[in-house]
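Trainee:
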Amino acid sequence: MRLGALKATDFRDVLMMKTLPRGGRFACSVACAFLLVSTLTSAAVARPSESAAVSTCEGDALSGHWWCENKPGIRVQWAGQTVGYLNSDTNWFTCRYEGDPTGGGGPHPNRWIYTLADTPHLGHGGWGFVKDSDVIDETNPLPRC
Numbered sequence: 002m003r004l005g006a007l008k009a010t011d012f013r014d015v016l017m018m019k020t021l022p023r024g025g026r027f028a029c030s031v032a033c034a035f036l037l038v039s040t041l042t043s044a045a046v047a048r049p050s051e052s053a054a055v056s057t058c059e060g061d062a063l064s065g066h067w068w069c070e071n072k073p074g075i076r077v078q079w080a081g082q083t084v085g086y087l088n089s090d091t092n093w094f095t096c097r098y099e100g101d102p103t104g105g106g107g108p109h110p111n112r113w114i115y116t117l118a119d120t121p122h123l124g125h126g127g128w129g130f131v132k133d134s135d136v137i138d139e140t141n142p143l144p145r146c
């Protein structure tokens, strides 16, 4: 078939055959980009960053008690031994200590929080440290130990 023998409608059909796949790829690219951006945006909106804490521990230096929300049932440790447990989901703490890695991650992976266990056992009278990653509230307001 010679080009001169094509009718206008044939030319349009040939032109559409050549451009549709490219146009289809472009449309798919735009749709995929939109889907990716909307997914990333919704994930960022639905989940706060790991460094953002829900709230902050409340207390004052006068009383020496800072009340923080924490995971219930967490271990209180002293010198590598469990000296007790915190039973409730809100407890008081006295200070924070930057030391050895806790193994718990979070925004303060080397921070330990000093407190008295609800159910003490072994030695040290139940006084010891909990991992900062087990405390839900931001612990920056606590004084250094």
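Read in order, the letters of the sequence shown are residues 2 to 146 in my numbering. Backbone N, C-alpha and C fix where the C-beta goes; we use that ideal spot for every residue, glycine too. Nothing here was measured: the structure is a model prediction, and the numbers come from that model.
1) Have a look at the DSSP bridge pairing and note the partners of N92.
2) Measure the Cβ-Cβ separation of V77 and V131 and say whether it is below 7 Å.
3) Give the range of the beta strand (DSSP E) segment to which V131 is assigned.
4) Considering just the uninterrupted stretch of the beta strand (DSSP E) at L87, what are its terminal residues?
5) How is the beta strand (DSSP E) around I114 delimited, first residue to last?
6) Can you tell which of Y115, L63, C69 has its C-alpha closest to the C-alpha of A80?
7) Would you decide whether G129 is buried or exposed? Buried here means 16 or more other CB atoms lie within 10 Å of its CB.
Mentor: So, from the listed chains and residues:
1) C69
2) yes
3) 128-132
4) 82-87
5) 112-117
6) Y115
7) buried
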